[in-house]
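Peer 1: Sharing a structure below in structure tokens format, with a few things to ask.
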Amino acid sequence: MTPSDIIAFLQQHHAESVVSAVADGPYPHALVKAEGLAAVAAFLKTQPRLRFDLLRCISAIDWPAKNNIELAYDVISTSLGHAFAIKVVVDRADPRVESVSTVWPAAEWHEREAFDLMGVEFLHHPDLRRILMPEDWPGHPLRKDYQDIVEYRGLKFNP
Amino acid sequence: MNQTANIKPQTPLGQAMFVCERPKVEYRGLSLKIVQLATKWGPIGIPLLLRFAWGIFFAALVFVIAFVWVVGRFINPLLPWFVRDVVVVVGLLAFVSIVAIIGIWGERKVSGRIQSRLGPMRTGAWHGWAQSLADGLKFVQKEDLIPQDADKPLFRLAPYVALVPAFCAYLAIPFGVGWVFHDSDVGLLFVLAMLAIEVLGVIMGGWASNSKWSLYGAMREGCQLVSYEIPMGLSLVAAVAWLGSLSLVELGRAQDGGWWSWLLFQNPFLFAAFFTYYIASLASCKRSPFDLPEGESELVAGFHTEYSGFRFVMFFFAEYMGMFAVSAVATVIFLGGWNSPVPGLASPLWFVIKSTFLVWVQMWVRWTLPRIRIDQVMHACVKYLLPFTLLLFVGSSLWQLYDNPDHRLFEGFAAVVRFGLGCLGLLLLGLYFAGAAYGFYHRNQLVGQMVRKHLPGA
Amino acid sequence: MKEIELQYRHPPDLLDDGEIPSDIRTEELVLNMGPQHPSTHGVLRVVLQTDGELVLGATPYMGYLHRCAEKIAEKVTYRQFTPYTDRLDYLAAMNNNLGFALAVEKLGGIEVPPRADYLRVIFAELNRIASHLMATGSYGLDMGAFTPLVYCFREREWIMDLFEAACGARLTYSYITIGGVREDVPEGWGDKCREFLDYFEPKIAEYNDLLSFNHIFINRTGNVGICPPELAVAYGLTGPCLRGSGLAWDLRKATPYCRYHELDFDIPVGHGENGAVGDCWDRYFVRVQEMVQSVRIIRQALDKLADGPVQAKVPRVVKLPAGEVYYEVENPRGQLGFHLVSDGGTSPYRLKIRGPSFCNLSVLPVLAPNCLLADIAALLGSIDVVMGEVDR
Amino acid sequence: MLEAVIFFLLAGLAVAAGVAILLSTSIVRMAYWLITMLIAVGGLYFLLGAYFVGVIQILVYVGGVAVLLVFGVMLTSRQLAPKLRPGRGEVVWLALVGFVLLEALTLSILHTRWQQNAMAPANSVGEIGRSLLGEFLGPFELVSVLLLVAMLGAAYLARPKVPTQGPQHAKGTTVP
Amino acid sequence: MMGLTPYLILSAILLVLGIAIVISKRNAIAMLIGVEFILNAATLNLVAFSRHGIGGLSGQTAALFVIVLAAAEAVVALAIFLNFYHTIATVDIDQGDQLKG
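Protein chains in written order, with this note's numbering: chain A, 1434 to 1592; chain B, 8 to 465; chain C, 28 to 419; chain D, 25 to 200; chain E, 15 to 115.
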């Protein structure tokens, strides 16, 4: 199915949670409300005409100007072959969104990485802790306004 | 004093990180007195010592002679048997260390050639023959680490408990007709007993180095060796029952009628018993598919992870001595030890040739086969090897029961079978040499263009 | 066993953390397969709860090789970021460069000349063979057979020489840049490459006899770490790990890029010859068969190598229009994805890298329970993890 | 004369091992002292000319039982090692009982006149084998049955209590 | 020449040591070690007598039987101690007093 069909199909079933959608261009996606994320995700995976079973990547993009963090979920279907993406916008000060690890277990580690590097809080995540940085590392490195720390546990770096 | 100075570096999980500064050694008690004495008298003492070096040397010599004379009061040191024993033990020690040294060098050359590379070429002119000496020297000057809360006395004792029995096994192995240290009539059992003690050294080493990984190595070692002693013993019993004596010299002397009188070809059960014995001996000296105790890829280095310096060399020597001892027993019992294929030309050289061939096969197997898992090792022993060797023992004794003059028909059949097995043995040997010749003839295609271009010696 | 309260006439030695031990059934040993371990293929720390040889649980700890390449990407221009992509999966640097270059070209709408396309396919497939040689060789080493590793390295050396002749480097090439290939291959390179292919093809059969169909190897890897296809897809496994579980999913066929649609090759899939479908042996054997397919691809690409320019007209400092793209490439270890967000500047606003080993490793805690200690080495070797792209 | 020297050496080793076990507190040390005692007694058998019994002692005892013992020590000594230091009263009692028993035995040994006829020559394994199957055939068969029973009993007793599922090969894991 | 008495005195000493170990140690494995001491003292006696002409060869065959039986006994004892260890976290004999009223 082409991206526009997917978007039409999506709006037909989940009109209230789909905010906007872009069909053409290099990155066809649909913007979804944070509350409706879990429902849309389950819909994408279980719907026989979509069957997006392989979650490829969850990327968190920090927009300090618009004071929000964008989460992009890229999915592809190994049986039907078409790809799609859904995006969620969360407030930058207190980023909190429902975890999709129940739908795609692959999301577990991606969400832990987003939590670790970007500071996005995922609710009902089986084991949300830092994955790449040390356990007690202050701050979230990938944020645009991240200040590199000077000294950590007695080890000093010059910025 | 900024506040961060006193944070002790911790690992992420909060345990105190082990900061390894240079340990400041403080002397106590006796060692303190020695150090003080040395510093005080050193500048005066050492030149004095050098001045009277020759005097001290001769004084020591006189002391030794006096001591021997006093001991002689108990036993006369010039007694023939005493001198003979000392000479033979020293000779054995020399032979065994040469075997180990050549073994280490040989293993590296063999593994090189199997992996289409050259192996050591530089140390000591022709094909790096002095490589193992260089290794020994390197290991001697390595720092001798003992883990902090290891069981120190046991840690230090373990290599010796592994090395000494490996050497004692050679006391009962006959190299030629008269060439044996003590021809006791339980020679074979003595060798098996010595190999059994070696297990304790390895377990002690694994337990004393107080690390989980070496404990795993020690446990695996214990299970594997103790359980593989049974099939090893049983296949030997099948052979011994055929000749009726446990003394290795007896066994060797009974096989001196050319290659068709070798025990290997006497009956099909003994032919199979040789191979089961060989497999069990691979397991008993931790070689090739059974090298679990020091399974590098999962146990880092198994029981001798924490050993460094000369202690590690002890374990290494014990392994190579064990390899040769086990092959020596196989040659004496199954391949007619010092007897040559053609009746008459018996000499210790044949013994050495056959044993080195079996050691070469061990190396060859090591560099081709992957490692077996511990539960497969146990299953193989209990489910396959043990019943099979029991069957061989029963079959061989039944065969012996009927293979005598009053069963005319069966005896003829047995002679035919003996001849057939001899031909089979010859065929196997021929196959091996044909394969080797083919490999040598086509070595350029097999090895590949890279090696020919870069490594002229391949 | 009912709780037995232990009364002591002589107080026992307290455990080191000071509390009186309760009624302990079986001792669980916590084993630290630390960052420094021969079979973890890099700095990965796996904490194992074991009961004797049986492993009850495994939790991997990553981050020892974390260089935060994504943060650097935001401060560096597009061309300057190519060398960083070599260091992601340092065994398949060509494929990483190809992925990044394709992502940037898709967002910037840059056209690549045909000769550069075929050169890219040839180099990507040669690097796939080199990486699979490394994977199969080191897997033999994990199982205790030392010789296959040295044979695979002997072949890999020849590929390294070919790369060195083309781009001067042996491991981190940055040869495939935005808009094409850095420079043309020296003449006569094609024949050398064909000579290697002719030499290499019969060798694969030799390795199969030496290792793949070796009875001990089959016992050690067959029926170990079975990962059914649904579990593989659920945990985001891609590449040989997914194909080993019987799912014929390969981006070069599913979403063809860079002229793969013109070349015909088939996708090897695990059939469970020696044990269940999706066990360690299948994952390993899929890699061996993929090498055969790569040789086929390179031969066709070499024949189709038209001459012409190898570099499209791309300004020195690449400036991409504002926008977003997610582009995935089939790496030897799985699908390497680049999520590129640009705000019209000379350097990417945000670059998220989806490392295939990162997702492949996430299945270890699921498959590890009830394995033996030696099976953990087999499992890790068959997933074939490279820590460069797990920690990025 | 040499025989006396060797005898006192080995006897001293065996007794030293016993005393060391009495004094030591670490169970692993005790296990290894037991092994030295076993080897010393094995040496004594060689000295007494009973080569076969000496070799069997080393093969069965040191190679088998002692390794088993060390395994037992390794498996059980991890958690809390029970106090091995005997209390004050125990030592006094121990010394008293020990010396009384020792005196009684040595006096009885010294006073009886042992009927010591000539040294029997060092006999070969053959005779032992023949007597094993001739005169001692009854006990020989009984011991084989007893060994079988002991093996089965021990295997039954030491079976793993926690029913661990078979290794994971048996079944694939279901999707969480 | 070496008479019989030194061997008998040595086996007496070993016997007493064995009994002392069994009494004084509270660890199950230590008791097993004590029992091994006692068994070895007995076998030493057997072999010493058979060597010095009393009873001919039967002494040595009896010694073989004792060694074999000691092996079987050690196996069963260890199996029991492992079981003991599994129910109660220690091998300390004093803790085995569940049957007490």
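Note that CB positions come from ideal geometry on N, CA and C, so glycine has one too.
Determine the direct distance from the alpha carbon of Ser288 of chain B to that of Leu408 of chain B, and round the result to whole angstroms.
Peer 2: Spanning the two alpha carbons is a distance of roughly 28 Å.
Peer 1: Against chain C, with Cβ distances strictly below 7 Å, would Arg1435 of chain A count as a contact?
Peer 2: Checking the sequence shown, residue 1435 of chain A turns out to be Thr, not Arg. Chain C, which has no Cβ nearer than 7 Å to the Cβ of Thr1435 of chain A, makes this no.
Peer 1: Looking at the unbroken alpha helix (DSSP H) that takes in Gln1445 of chain A, where does it start and where does it end?
Peer 2: Residues 1436–1446.
Peer 1: Tell me whether the beta-carbon of Leu1565 of chain A lies closer than 7 Å to the beta-carbon of His93 of chain C.
Peer 2: Going by C-beta atoms, Leu1565 of chain A is nearer than 7 Å to His93 of chain C.
Peer 1: Can you give the Cα-Cα distance for Gly344 of chain B and Leu258 of chain C, rounded to whole angstroms?
Peer 2: The straight-line gap from Cα to Cα measures roughly 60 Å.
Peer 1: Can you check DSSP and say which residues form a bridge with Ala1518 of chain A?
Peer 2: For Ala1518 of chain A, which the question treats as bridged, DSSP gives the partners A:Asp1507.
Peer 1: What residue from C:Pro336, C:Lys340, C:Thr373, C:Ile403 has the CA that sits closest to Pro141 of chain C's CA?
Peer 2: Taking only the C-alpha atoms, the option nearest Pro141 of chain C is C:Pro336.
Peer 1: Note down, in chain order, every chain B residue with its Cβ under 7 Å from the Cβ of Ile243 of chain C.
Peer 2: Within 7 Å Cβ-Cβ: Pro296, Leu376, Pro377, Ile379.
Peer 1: By the criterion of Cβ-Cβ separation under 8 Å, what are the contact partners of Phe32 of chain D in chain B?
Peer 2: Within 8 Å Cβ-Cβ: nothing; Phe32 of chain D doesn't reach chain B, min ~12 Å.
Peer 1: Output the distance between the C-alpha atoms of Leu277 of chain B and Gln369 of chain B, rounded to the nearest integer angstrom.
Peer 2: Whole-angstrom Cα-Cα distance: 20 Å.
Peer 1: Going straight from the alpha carbon of Trp1496 of chain A to that of Thr1511 of chain A, what length do you get?
Peer 2: Their Cα atoms are separated by approximately 32 Å.
Peer 1: Please classify Val307 of chain B: does DSSP put it in a helix, a strand, or coil?
Peer 2: Correct three-state label for Val307 of chain B: coil.
Peer 1: Is any beta-carbon of chain E found at less than 7 Å from that of Leu72 of chain D?
Peer 2: Taking Cβ atoms only, chain E reaches closer than 7 Å to Leu72 of chain D, which makes this a yes.
Peer 1: Looking at chain B, which residues of the segment 387–402 of chain C have a Cβ within less than 9 Å of any of its Cβ atoms?
Peer 2: Cβ contacts with chain B: Leu399, Leu400, Ala401, Asp402.
Peer 1: For Tyr354 of chain C, which of helix, strand or coil comes out of DSSP?
Peer 2: Three-state DSSP puts Tyr354 of chain C in a strand.
Peer 1: Taking just the CA atoms, how far does Tyr105 of chain C sit from Glu191 of chain C?
Peer 2: Computed Cα separation, rounded: 24 Å.
Peer 1: Can you give me the C-alpha to C-alpha distance between Leu29 of chain E and Glu313 of chain B, rounded to a whole angstrom?
Peer 2: Rounded to whole angstroms, Leu29 of chain E to Glu313 of chain B spans 39 Å at the Cα level.
Peer 1: Among all the DSSP beta bridges, which residues are the ones paired with Cys1490 of chain A?
Peer 2: Its beta-bridge partners are A:Asp1507.
Peer 1: Return the CA-CA distance between Leu53 of chain E and Thr136 of chain D, expressed in angstroms with no decimal places.
Peer 2: Going from the Cα of Leu53 of chain E to the Cα of Thr136 of chain D covers about 23 Å.
Peer 1: Determine whether the beta carbon atoms of Leu1539 of chain A and Gly263 of chain C lie at a separation below 7 Å.
Peer 2: Before going on, a small fix: residue 1539 of chain A reads as Ala here, not Leu. For Ala1539 of chain A and Gly263 of chain C, yes; Cβs fall inside 7 Å.
Peer 1: At the level of alpha carbons, what is the spacing between Lys31 of chain B and Gly329 of chain B?
Peer 2: Taking the straight line from one Cα to the other gives about 41 Å.
Peer 1: Please list the terminal residues of the continuous alpha helix (DSSP H) segment that includes Asp418 of chain C.
Peer 2: Looking at the DSSP string, the run of the alpha helix (DSSP H) that includes Asp418 of chain C is 414–418.
Peer 1: What does Ala1539 of chain A touch in chain C if you count any residue whose Cβ is under 7 Å from its own?
Peer 2: Going along chain C in sequence order, the residues near Ala1539 of chain A (Cβ under 7 Å) are Ala261, Tyr262, Gly263, Cys386, Ser389.
Peer 1: Along the chain, where does the beta strand (DSSP E) that runs through Ser369 of chain C open and close?
Peer 2: Residues 361–369.
Peer 1: Tell me which same chain residues have a C-beta within less than 6 Å of the C-beta of Ile210 of chain B, skipping the five on either side of it?
Peer 2: Answer for Ile210 of chain B: Ala225, Gly229, listed in chain order.
Peer 1: Touching or not, the segment 258–278 of chain B and the segment 350–366 of chain B, by the rule of three or more beta carbon pairs under 8 Å?
Peer 2: Flag = yes, the segment 258–278 of chain B and the segment 350–366 of chain B touch.
Peer 1: Which chain D residues sit within Cβ distance under 8 Å of Val82 of chain E?
Peer 2: The answer, in chain order, is Val84, Val167, Leu171.
Peer 1: With distance defined between alpha-carbon atoms, name the residue in B:Ser123, B:Val184, B:Leu398, B:Phe364 nearest to Ser506 of chain B.
Peer 2: Coverage of chain B is limited to positions 8 through 465, which leaves residue 506 of chain B absent and any answer about it impossible.
Peer 1: What is the C-beta distance between Gly87 of chain D and Ile204 of chain B, in whole angstroms, given that I count them as a contact (C-beta under 8 Å)?
Peer 2: With 8 Å as the limit, Gly87 of chain D and Ile204 of chain B qualify as a contact, their Cβ atoms being about 7 Å apart.
Peer 1: In whole angstroms, what is the alpha-carbon distance linking Val73 of chain C and Pro392 of chain C?
Peer 2: Approximately 9 Å between the Cα atoms of the pair.
Peer 1: Any idea if Cys430 of chain B is buried or exposed, counting beta-carbon neighbours within 10 angstroms, 16 or more meaning buried?
Peer 2: Per the 10 Å Cβ criterion, exposed.
Peer 1: For Asp402 of chain C, is the classification buried or exposed, using 16 other Cβ atoms within 10 angstroms of its Cβ as the cut-off for buried?
Peer 2: Buried, by the Cβ-count rule.
Peer 1: Hey, how far is the Cα of Ser49 of chain C from the Cα of Leu99 of chain D?
Peer 2: Note that Ser49 of chain C has pLDDT 39, beneath the 50 cutoff, so the model's placement of it is unreliable and the number below is only indicative. Computed Cα separation, rounded: 18 Å.
Peer 1: Report buried or exposed for Leu24 of chain E, applying the criterion of at least 16 other Cβ atoms within 10 angstroms of its Cβ.
Peer 2: Result: buried.
Peer 1: Which of the three DSSP states is assigned to Trp1570 of chain A in this structure?
Peer 2: Note: Trp1570 of chain A maps to coil in three-state DSSP.
Peer 1: Between the Cα of Leu140 of chain B and the Cα atoms of B:Val333, B:Phe317, B:Leu405, B:Ile286, which residue gives the shortest distance?
Peer 2: Of the candidates B:Val333, B:Phe317, B:Leu405, B:Ile286, the one whose C-alpha sits nearest the C-alpha of Leu140 of chain B is B:Phe317.
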